[in-house]
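I have placed the structure first, in the form of structure tokens, so that the comments after it can refer back to it.
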């Protein structure tokens with residue numbers, strides 16, 4: 481998406497919310513820009529749905545301000561906000577036809593009948609459900625109901641479209657398909673989507689930006705690439721994708737971008753993005769696909785590589801995943817692709833190997849308590 | 103599911119149950135129909151010849167007006183119960199969970215007391231030297247003369263509403279409680295104000311409960327003869343009173359039976375309507 | 324905020340509406356004055372009078388007897404009926420189930436006169452037996468429906484397992500099903516007991532002067548105007564039903580916890 485003029489469409493500042501004395505959101509700031517697909521990602525109970533509902537108007541923040549389109553909406557009821565939500569179980573009105581469901585928002589605005597018909601038919605065509613207009617929701621499949629819920633929200637052309645984990649009830653294949661469709665739709669319409677999910681794969685595949693949340697706080701807000709490749713802390717790193725966490729100690733500062741460190745059983749140079757001091761305890765994050773495993777028979781001993789034994793292996797079709805047990809008991813998960821260089825490799829259980837990684841792909845964090 | 107016909111236990115079980123229903127439900131009701139076609143007789147209550155005379159007599163203006171008045175009051179009672187009971191059920195259903203059970207129990211407790219006793223208690227309040235007049239005349243001084251409330255149609259309506267209100271509240275509560283709050287939220291999200299949400303979403307979706315409640319109030323309202331007896335004196339005859347009088351006082355069994363058949367027919371019509379409406383709404387009926 | 328106050332006021336009003344008559348009844352039962360609502364002093368005299376009223380005590384005894392026996396008989400039959408509906412396929416099953424529901428909401432008057440006609444036709448004298456048969460008929464659909472809904476929640480394999488292990492139909496019902504549905508049967512029994520004790524209309528038609536029951540006694544007393552003993556009697560009944568309800572609620576709670 482273009483960064484030209486990034487206009488904020490939703491601003492939360494200093495928002496906090498408690499339920500029954502339990503603080504769900506302690507105080508956050510968030511800005512959603514026009515035309516972006518922003519995902520709130522986190523485990524259940526992290527407050528992402530609460531924030532969504534506060535934007536929609538179903539919950540009132542205890543503190544702070546919510547601005548939509550530059551207007552403060554704290555005291556504006558949900559039916560007068562220019563946002564629409566796609567609910568988790570779709571909440572399609574069972575006593576109305578698909579057409580009436582989609583038309584509901586326009587009917588509430590008292591639009592003329594001809595206009596309603598035009599808009600609803602257009603919206604139904606957009607989600608490819610035109611032939612289902614006179615059916616009742618219970619006659620539709622889960623995926624079709626989902627699309628009706630989407631059309632019902634879209635047809636009102638709101639400033640922001642909110643999604644409360646709408647794909648949870650779909651099976652894997654349908655879910656993937658809907659992810660692609662939603663992303664495509666958002667980009668075609670150039671609308672602003674705020675999406676809530678606990679599925680990190682989903683978040684990464686659809687979003688322009690991802691806010692990784694934990695216990696009401698945003699741990700990291702960035703593009704999918706940033707969040708995946710440069711996690712700011714252990715939580716983000718382990719929540720998104722698989723990760724290996726190695727322990728180490730800084731031995732020497734080599735230059736402003738590299739340090740020499742003891743890493744598990746070995747010693748090597750590491751690329752760092754912040755300053756460390758000699759003696760600092762550190763954690764090194766490596767994704768399984770960053771690791772390179774060599775059998776000791778094939779490659780001679782190399783500097784900076786860790787020695788271990790293969791204790792598990794899993795053929796996954798595109799990759800060979802293996803678990804390496806280091807001499808000090810730490811286990812590493814490696815995932816290596818079959819490619820032109822190495823078409824056909826395999827390990828034996830118990831085989832001695834050395835593990836390294838692609839230089840500069842590591843992420844070094846301070847030792848968190 | 104077994105279908106071995108030789109199973110003696112199975113025969114016994116089905117047989118015993120069906121036999122009871124046959125003897126004590128089906129046969130007696132058929133007898134009512136038969137008696138309604140008979141002629142009044144002194145020694146045996148009903149005898150030949152068979153005729154439709156009883157039904158013809160029902161259309162006599164006196165009796166017709168009684169029936170119609172009875173229907174009108176029953177409708178009024180049902181409407182009052184609905185209007186008073188719906189918000190009540192709604193508020194309980196939307197209360198926090200721990201409060202809900204207590205509120206519900208509080209509602210049911212009077213219901214467990216004999217309705218005759220409750221009717222009597224209403225009489226205690228409404229009579230000339232009862233609580234209401236005591237408050238209005240002696241205590242607050244708002245009125246000079248006591249209100250003559252007992253033995254009026256108002257008393258009967260008030261008493262009936264009092265006795266039958268829980269029958270409206272319970273089915274309403276059951277349906278409202280099951281209503282997913284997401285529907286009202288979706289309605290608000292799409293721009294509906296409170297009135298629109300109520301009439302366009304909540305009422306249609308709770309219609310089964312509304313219909314059930316109305317059925318459970320309307321039918322007894324027609325048949326509970328002790329309420330008009332205790333609160334209305336001899337002035338108000340409900341269909342129930344009419345039937346009772348004919349059977350026990352006037353000893354005109356065919357006439358009373360005809361009235362009963364009419365009442366049963368009315369009930370059948372209502373049940374059929376309920377069934378058709380539910381089908382149309384797409385709800386499961388049983 | 325305004326809406327909240329409105330809600331509270333409304334609820335308070337309705338609850339007052341529901342309870343005021345009962346409270347008045349209880350209070351007046353202790354009122355020394357015979358006729359008016361003016362408080363003339365506290366007395367338990369009317370309760371004393373009550374205890375000496377043989378007619379009433381007799382009627383109460385009879386009512387209890389009928390309630391106990393009809394509840395038990397109705398429960399037994401109801402279990403059979405629910406079991407039949409659950410277990411077997413037979414002609415007219417759906418109709419039977421529908422009929423039960425129709426019976427439950429049928430006006431009592433109709434049932435009352437239908438049974439009166441029946442008993443007259445077979446020349447059964449009106450007394451304990453006719454009352455018993457009538458009350459069983461009244462309670463039967465309720466017990467059946469309550470027990471049936473519990474049965475339909477059971478896993479269908481339980482009965483099959485019992486049969487597989489060699490139990491006859493009767494043994495399966497007695498040893499396996501019955502213990503599992505016991506709470507529902509008890510609930511049905513309690514419901515029947517209450518319905519029988521409470522019934523005024525049907526009893527009105529099918530009982531005779533030889534067998535007086537309480538609701539009818541109260542009815543005749545009440546029609547003649549206010550009587551302070553009636554107040555006392557009603558208070559006693561109210562207290563008893565309150566105690567019963569509380570007890571059953573506590574029992575239910577115990578079950579669930």
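Protein chains in written order, with the working numbering: chain A, 481 to 849; chain B, 103 to 388; chain C, 324 to 580. The beta carbon of each residue, even a glycine, is placed where N, CA and C say it ideally should be.
- Per the DSSP secondary-structure output, residue 502 of chain A pairs in a beta bridge with A/499.
- Using beta-carbon distances, residue 311 of chain B does not count as an interface residue toward chain A, since no partner is under 8 Å.
- Taking C-alpha positions only, residue 210 of chain B is separated from residue 704 of chain A by approximately 57 Å.
- Residue 351 of chain B carries a helical assignment under DSSP once its states are collapsed to helix, strand and coil.
- Spatial neighbours of residue 785 of chain A in its own chain (CB-CB distance under 7 Å, excluding positions within 5 residues in sequence) are listed in chain order as 746, 834, 835 and 836.
- Under the Cβ criterion (8 Å, minimum of three pairs), the stretch 248-257 of chain B does not count as touching the stretch 293-313 of chain B.
- Under DSSP, the beta-bridge partners assigned to residue 565 of chain A are A/642.
- In this model, residue 365 of chain C and residue 563 of chain C are separated by some 22 Å (Cα to Cα).
- Identification of chain B residues near residue 465 of chain C by a Cβ-Cβ cut-off of 7 Å yields none; the smallest Cβ-Cβ distance measures about 14 Å.
- Any Cβ of chain C closer than 8 Å to the Cβ of residue 142 of chain B would place that residue at the interface, and such an atom is absent.
- Residues 142 and 348 of the same chain have their beta carbon placed closer than 6 Å to that of residue 354 of chain B, with the five preceding and five following residues left out of the count.
- By the criterion of at least three beta-carbon pairs nearer than 8 Å, the stretch 617-630 of chain A is not in contact with the stretch 532-552 of chain A.
- The shortest C-alpha to C-alpha distance from residue 773 of chain A to any of A/805, A/599, A/576 and A/685 is the one to A/805.
- Under DSSP, residue 682 of chain A takes part in no beta bridge, so it has no partner.
- Around the beta carbon of residue 328 of chain C, a 10 Å sphere encloses fewer than 16 other beta carbons of the protein chains shown; the residue is thus reported as exposed.
- Here the stretch 283-295 of chain B makes no contact with the stretch 207-222 of chain B; the two share fewer than three CB pairs at distances below 8 Å.
- For the 8 Å CB-CB criterion, residue 832 of chain A and residue 750 of chain A do not form a contact.
- Secondary structure note for residue 749 of chain A: its beta strand (DSSP E) is the uninterrupted segment 746-751.
- Counting only residues of its own chain and dropping the five nearest sequence neighbours on each side, residue 363 of chain B has a CB closer than 7 Å to the CB of 134, 135 and 138.
- A check of alpha carbon separations from residue 424 of chain C across C/467, C/387, C/450 and C/448 identifies C/467 as the nearest.
- In this structure, the alpha-carbon of residue 531 of chain A lies about 8 Å from that of residue 505 of chain A.
- If you draw a straight line from the Cα of residue 481 of chain C to the Cα of residue 396 of chain C, it comes to about 27 Å.
- Those residues of the stretch 343-354 of chain B placed with their C-beta closer than 8 Å to a C-beta in chain C are 345, 346, 349 and 350, ordered along the chain.
- In this structure, A/537 is the residue among A/754, A/537 and A/514 with its C-alpha nearest to the C-alpha of residue 555 of chain A.
- Residue 514 of chain C is positioned such that its CB atom lies no closer than 8 Å to that of residue 406 of chain C.
- By the criterion of a C-beta distance shorter than 6 Å, residue 319 of chain B is surrounded in its chain by 180, 183, 266, 269 and 270, once the five residues flanking it on both sides are discounted.
- Using a Cβ-Cβ cut-off of 7 Å, residue 284 of chain B is close to 567, 569 and 571 of chain A, given in chain order.
- For residue 676 of chain A, the CB contacts under 7 Å within the same chain, skipping 5 residues up- and downstream, are 520, 528, 529, 532, 643, 644 and 645 in chain order.
- DSSP places residue 755 of chain A in the coil class of the three-state scheme, outside both helix and strand.
- The closest CA to that of residue 600 of chain A, considering only A/637, A/573 and A/571, is found on A/637.
- Approximately 5 Å separates the beta-carbon atoms of residue 432 of chain C and residue 345 of chain B; this is inside 8 Å, confirming the contact.
- Taking 8 Å as the threshold, the shortest C-beta distance from residue 333 of chain C to chain B falls below it.
- Every unbroken stretch of the alpha helix (DSSP H) spanning 4 or more residues and falling wholly within the stretch 435-483 of chain C is given here in chain order: 451-474.
- Taken in chain order, the complete alpha helix (DSSP H) segments of 4 or more residues contained in the stretch 657-705 of chain A are 680-686.
- Around residue 306 of chain B, the beta-carbon contacts reaching into chain A at under 7 Å are 575.
- Your pair residue 688 of chain A and residue 517 of chain A checks out as a contact, with CB atoms roughly 5 Å apart and the cut at 8 Å.
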